[in-house]
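In my numbering, the protein residues as written are 1 to 341.
Yeah, the Cβ is synthetic: ideal placement off N, Cα and C, and Gly gets one too.
Worksheet: the structure to be examined is printed underneath.
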Ligand SMILES: NC(=O)c1ccc[n+]([C@@H]2O[C@H](COP(=O)([O-])OP(=O)(O)OC[C@H]3O[C@@H](n4cnc5c(N)ncnc54)[C@H](OP(=O)(O)O)[C@@H]3O)[C@@H](O)[C@H]2O)c1
């Protein structure tokens, strides 16, 4: 059995990664359609050893598709996901447009695969924010073992999280600085080359940013509504790969050795943790990988039942495209995805 798949946003960072992962894994694809805006009509994108020409979202007939993997931004998702879903095509959306809708499951398959069954209310499933996906993959096995009460997380998020324009801006500013061209911030609010910016997405009334709020709301929906989380989200001059320094307070005692053993066995996790030079993972090393890497596991003696961990993952993969495809695979493996006529 095979399924016809539409990739919406196929010319973007996440869309290109979706095409690559779809061809890498044994996903039962029939036809694959690359879709972007009218600007990209006819633009060629790679799918394995084939080349696909992009179609225009507004002109495309979705009734021939079984599943649409969508990564074209929140406004496009808000408008188009319900229209596509109404054609009988299941939408798995990467934007934040549907994540907090009670009738839309928000899924990280290693954590709450069973939630996919709820997709039938709107025919839409949401993929979490990139920083949340790697966070919950690392926290779920620890929560099962010792029950998490509170999490304090600081993120170090790469520019690819802001789309292809974010990557271009870091590249242009970095080159410019070497020839003494003054950096001109456009996509980011301040200079990103050789700098860090403690501001991702818009500010909320309480002084936090929307990116920080998303982590709070999403951990509750995916993992456990009782967990308290506070976040500081920071953009750093790294092209791909998000890092997180995470402090966790548990209800029950758990040692660093116990946590290391639990995480070694946990789905999606890869522990690289030696207290020596290079015995940890940095973002450049995780690019193109499927895993959520965990390093620097150690006890926090300043609180009862506390641990610190360092978590790194490819934001375009586990943070977006890989998770989206894992959701689609979950639907298929559970016999929940119907084929178009
Ligand atoms: N990057 C990450 O780490 C990450 C992680 C999780 C979720 N997401 C979410 O995924 C989405 C895409 O992110 P990205 O990083 O791939 O962005 P991107 O590199 O800027 O790509 C945006 C894509 O959307 C398409 N698009 C824009 N306007 C469109 C329109 N009117 N109709 C049809 N297609 C349109 C673009 O097509 P054209 O080339 O034709 O303009 C392009 O293919 C965003 O909602 C983002 O929040 C990203």
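DSSP, reduced to helix, strand and coil, places residue 296 within a strand of the structure shown. In the displayed model, residue 96 falls within coil according to three-state DSSP, outside both helix and strand. Sixteen is the threshold: since fewer than 16 other Cβ atoms of the shown chains lie within 10 Å of the Cβ of residue 261, the residue is exposed.
Taking each of 303, 265, 269, 207 in turn and checking the Cα distance to residue 251, the smallest one comes out for 303. Under a 10 Å Cβ-count criterion, residue 61 is classified as exposed, with fewer than 16 other Cβ atoms of the shown protein chains found around its own Cβ.
The stretch 140-158 and the stretch 220-232 touch, with no fewer than 3 CB-CB distances between them shorter than 8 Å. Cβ neighbours of residue 147 within its own chain (closer than 8 Å, five residues either side excluded): 250, 251, 252. Between residue 81 and residue 93, the C-beta gap is smaller than 7 Å, which places the two residues in contact.
Between residue 132 and residue 219 a beta carbon distance of about 6 Å is seen, short of the 8 Å cut, so the two are scored as contacting. Between residue 141 and the set 264, 57, 240, the nearest pair of CA atoms involves 264. For residue 15, the shortest C-beta to heavy atom distance toward ligand 1 is below 6 Å. Contact check between the stretch 285-301 and the stretch 113-126: fewer than three CB pairs, one atom from each, fall below 8 Å, which does not count as touching.
In summary, residue 38 is exposed, with fewer than 16 beta-carbon neighbours lying within 10 Å of its beta-carbon over all protein chains present.
Counting along the chain, residue 74 sits inside the alpha helix (DSSP H) bounded by residues 74-85. The three-state secondary structure of residue 269, taken from DSSP, is strand. Counting only runs that start and end inside the stretch 300-336, the beta strand (DSSP E) elements of at least 3 residues fall at 306-313.
Rounded to whole angstroms, the separation of the alpha carbons of residue 270 and residue 100 is 29 Å. Spanning the alpha carbons of residue 328 and residue 182 requires a straight line of approximately 45 Å. Between residue 106 and the set 339, 217, 239, the nearest pair of CA atoms involves 217.
Per DSSP, residue 16 is one residue of the alpha helix (DSSP H) stretching across 13-24. Looking at 282, 334, 331, the one whose alpha-carbon comes closest to that of residue 156 is 282.
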